[in-house]
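Here the sequence shown is numbered in this note's numbering, starting from 25 and rising by one per residue.
Think of the CB as a built atom: it goes at the ideal place given N, C-alpha and C, for glycine as much as any other residue.
Beneath this line is the structure, given in structure tokens, with notes to follow.
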Amino acid sequence: MTDSALAIVILAAGQGTRMKSSTPKLLHGLGGVPIIGHVLATARALDAAHVIAVVRHERDRIVEVIDAELPGAAIVDQDEVPGTGRAVEQALTALPADFTGDVLVVNGDVPLLDAGTLSDLISRHRERPVAATILSTFPEDPQGYGRIIRTAAGALDYIVEQKDATDAERAVTEINAGIYLFGVNQLRDALAEVTTDNAQGEKYLTDVIGLLRRAGSEVAALPVGESWLVEGINDRAQLSAAAAKLNALIVRGWQLAGVTVQDPGTTWIDIKAKLAPDVTLLPGTQILGASVVETGAVVGPDTTIIDTEVGEGATVRRTDATLSVIQAGATVGPFSFLRPGTVLGPDGKIGAFVETKNAQIGRGSKVPHLSYVGDTVVGEHSNIGAGTITSNYDGVNKHRTTVGSHVRTGAHNTFVAPVNIGDGVYSGAGAVIRKDVPAGSLALSVAPQRNVAGWVADKRAGTAAAEAAAAATAAAAGSESSALPNASE
Ligand code: UD1
Ligand code: CA
């Protein structure tokens, strides 16, 4: 049910300079979703009456993600005054004037934050007559975070940013998680007092806490035991640590749901992927995007699938597959490359060193060895000979190849598209198929073989080849004469 007394403000205007990246920090991904996408999904779960996202740096790219993940959110553009305090101040202008509820402020860079932690914060805040309740934690490394300064009695007093802190304040290991709940009116009044008089020349949201205290209001900081839940991502080292943590949680979740994951440390599963019970994932496997793996399938080792479906009982070894469908009982690999639009039918096979693209290969059909099959439809129970290439590109346009059912093509064929090969066709080894082949025909394109007897003795006299040939000829003659008496017996 919608919480009519709750507004959520998501701070997404910062540049993220510590990432040292041309991509905005909040668009760097973990688990297949950008950092900001995780926060938006969590915000969506709370079902607040108002959601406001503040943007500025690369605003269009950030807004695109917001529109996709949380279409109901209002977008507020932060002006040139920097700082989290300014961001919230401007966000409040998007709230209806008669809103008197609570404002939950969440930094956009805390991807592992979950809705349960936020619901707890909201209910703890509402139990007591406080102007603000914030989350704190004790991370392994407090460097860079704002420190929580408590009174001698242990009450929250103020927050000081690392860059403004004294040595004594920096020695504090409890940090501000960047997740706050405020009464809207107290927040608005306090923000009006915040200045840019600090080491970074920014309006700090964190100053609101000290200001509320001095105005005689109660404020509280609730420590979160698992610090990874609320840690902000500022640099790429923190990003990879958070990604590993998220992955460990995802892998464990699937293990408890019945998936065998032989080596969790080298197995990566994106948040949107789905796996059935009794799937087996072997070491070095990545199940990325919205991939789906059905029961009994074995994927890996050393396999990456992206937005790919793997059917019941299928096997995919040492393979790279994107936007492909591998149907029940099919086998793929090792060393196969399935590009977008590959559909391998039930019990089909794509074997070693085979590349496919936009290729629909029917039930029971096989492309077992060393081939490229692109822009192609293959019927059922056909076999494409080793080393076959569909020559689909004439340098300007792509053309299609169609192969019927129960076809047996010879080794090392080239299908020069556009070309149609009918049902039940056979083709000879090395054929270059340029013209359509009617059903049931044998297609041959290689000239009949001609053996020039004695050519080596004549043209390569004195070589090892010539000696070997002479020896073989003599041996054959000897065995012929010794065989004769026996034959007459
Ligand atoms: C902030 C807190 C710090 C806390 C830490 C927790 C302040 C002043 N400091 O520091 O106490 O320990 O988070 O992770 O708030 N943003 C804007 N507009 C801006 C600046 C930032 O929207 O002008 C957004 C950023 O996009 C980001 C969030 O606010 O999502 C936090 O900004 P960031 O620069 O990462 O703050 P920290 O220095 O980490
Ligand atoms: Ca941060």
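Query raised in the report: Relative to the C-alpha of residue 216, which residue among 26, 235, 167, 275 is closest?
Result: Ranked by how close their Cα comes to the Cα of residue 216, the residues 26, 235, 167, 275 have 235 in first place.
Requested in this report: Closer than 6 Å by C-beta to residue 397: which residues in its own chain qualify, once you throw out the five before and the five after it? Chain order, please.
Outcome: If you ignore the 5 residues before and after residue 397, its C-beta comes within less than 6 Å of the C-beta of 380, 383, 391, 414, all in its own chain and listed in chain order.
Report task. Return yes when the C-beta of residue 132 is under 8 Å from any heavy atom of ligand 1, and no when it is not. Result -> With a cutoff of 8 Å, residue 132 counts as near ligand 1, since its C-beta is closer than that to a heavy atom of the ligand.
Query raised in the report: Got a sec? Which residues, its chain only, sit under 6 Å from residue 343 by beta carbon, not counting five neighbours each side?
Result: If we look at residue 343 and ignore the five residues flanking it on each side, its Cβ neighbours are 327, 356, 357, 360.
Query raised in the report: For the beta strand (DSSP E) that contains residue 144, what are its first and last residues?
Result: From DSSP, residue 144 is part of no beta strand (DSSP E) but of the alpha helix (DSSP H) over 139-151.
Query - Close beta carbons around residue 364, own chain, < 6 Å, minus the five adjacent residues each side - result: Cβ neighbours of residue 364 beyond the five flanking positions: 346, 347.
**Report entry** Where residue 264 falls: helix, strand or coil (DSSP)
**Finding:** Here residue 264 sits in helix by DSSP.
Query raised in the report: Under 9 Å between the Cβ atoms of residue 137 and residue 253?
Result: Pairing residue 137 with residue 253 gives a Cβ-Cβ distance under 9 Å.
Requested in this report: Would you decide whether residue 511 is buried or exposed? Buried here means 16 or more other CB atoms lie within 10 Å of its CB.
Outcome: Low confidence applies here, because residue 511 scores a pLDDT of 44, under 50, leaving its location unreliable; read the following figure in that light. Under this definition residue 511 is an exposed residue.
Query - Option nearest residue 473 by Cα separation, candidates 196, 466, 453, 105 - result: Taking only the C-alpha atoms, the option nearest residue 473 is 453.
Query raised in the report: By Cβ distance, which residues of its chain are closer than 8 Å to residue 51, with the 5 residues on each side in sequence left out?
Result: For residue 51, the CB contacts under 8 Å within the same chain, skipping 5 residues up- and downstream, are 58, 59, 60, 82, 85, 86, 89 in chain order.
Query raised in the report: Within 10 angstroms of its Cβ, does residue 513 collect 16 or more other Cβ (buried), or is it exposed?
Result: Any reading at residue 513 needs caution, since the residue's pLDDT is 40, under 50, leaving its predicted position unreliable; the model's value is listed next. Residue 513 is exposed by the Cβ-count criterion.
Requested in this report: Verify whether the separation of the beta carbon atoms of residue 190 and residue 181 is less than 9 Å.
Outcome: For residue 190 and residue 181, no; Cβs fall outside 9 Å.
Query raised in the report: What do you get for residue 306, buried or exposed, if any count of 16 or more other CB atoms within 10 angstroms of its CB means buried?
Result: Here residue 306 is buried: its Cβ has 16 or more other Cβ atoms, across all protein chains shown, within 10 Å.
Query raised in the report: Beta carbon of residue 205: closer than 8 Å to some heavy atom of ligand 1?
Result: Short note on residue 205: C-beta not closer than 8 Å to any heavy atom of ligand 1.
Report task. For residue 301, verify whether its CB is less than 8 Å away from any heavy atom of ligand 1. Result -> With a cutoff of 8 Å, residue 301 does not count as near ligand 1, since its C-beta is closer than that to no heavy atom of the ligand.
Query - Same chain only: Cβ atoms within 8 Å of residue 308, ignoring 5 sequence neighbours per side - result: So the qualifying residues of the chain are 287, 290, 291, 324, 325, 326, 327.
Requested in this report: Between the Cα of residue 432 and those of 450, 188, 443, spot the shortest distance and give me the residue it belongs to.
Outcome: Minimum Cα-Cα distance from residue 432 among the listed residues 450, 188, 443 corresponds to 450.
Query raised in the report: How long is the line joining the alpha carbons of residue 471 and residue 295, rounded to whole angstroms?
Result: If you take the alpha carbons of residue 471 and residue 295, they lie about 57 Å apart.
Query raised in the report: Over what stretch of residues does the beta strand (DSSP E) that includes residue 371 continue unbroken?
Result: Counted as a single uninterrupted DSSP element, the stretch harbouring residue 371 is not any beta strand (DSSP E), since DSSP gives it neither H nor E.
Requested in this report: Look up residue 36 in the DSSP assignment and give the residues it is bridged to.
Outcome: Beta-bridge pairing links residue 36 to 79.
Query raised in the report: In terms of residues, what are the limits of the alpha helix (DSSP H) holding residue 234?
Result: Where residue 234 is concerned, the enclosing alpha helix (DSSP H) starts and stops at 231-238.
Query - Any non-hydrogen atom of ligand 2 closer than 8 Å to residue 200 Cβ - result: Answer for residue 200: no, Cβ out of range of ligand 2.
Query raised in the report: Taking the runs of the beta strand (DSSP E) that are 3 residues or longer, which of them lie wholly in the stretch 317-379?
Result: Under the rule that a run must span 3 or more residues, the beta strand (DSSP E) segments found entirely inside the stretch 317-379 read 328-330, 343-346, 360-362, 373-376.
Query raised in the report: Helix or strand or just coil, what does DSSP make of residue 257?
Result: Reduced to three states, the DSSP call for residue 257 is coil.
Query raised in the report: Does the beta carbon of residue 312 sit closer than 9 Å to a beta carbon anywhere in chain D?
Result: In summary, chain D is missing from the structure at hand, where a single protein chain is found.
Query - Residues bridged to residue 160 (per DSSP) - result: Per DSSP, 200, 247.
Query raised in the report: Under the DSSP definition of a beta bridge, which residues are partnered with residue 479?
Result: According to DSSP, residue 479 bridges with nothing at all.
Query raised in the report: To the nearest angstrom, how far is it from the Cα of residue 490 to the Cα of residue 424?
Result: When rounded, the distance between both Cα atoms is 48 Å.
Report task. Determine the extent of the beta strand (DSSP E) in which residue 171 is found, giving its start and end residues. Result -> First-last of the beta strand (DSSP E) with residue 171: 171-174.
Query - Contacts around residue 49, its chain only, beta-carbon distance under 6 Å, and the 5 residues preceding and following it disregarded - result: Same-chain partners within the cutoff: 40, 43.
Query raised in the report: Are the CB atoms of residue 403 and residue 428 nearer to each other than 9 Å?
Result: With contacts defined as CB atoms closer than 9 Å, residue 403 and residue 428 qualify as a contacting pair.
**Report entry** Beta-carbon proximity check, residue 36 vs residue 105, cutoff 9 Å
**Finding:** For the pair residue 36 and residue 105, the CB atoms are not nearer than the 9 Å cut-off.
Requested in this report: Out of 53, 484, 212, state which residue places its alpha-carbon closest to the alpha-carbon of residue 267.
Outcome: Of the candidates 53, 484, 212, the one whose C-alpha sits nearest the C-alpha of residue 267 is 53.
Query raised in the report: With a Cβ-Cβ cutoff of 9 Å, do residue 134 and residue 38 count as a contact?
Result: Cβ distance not < 9 Å, so residue 134 and residue 38 don't count as in contact.
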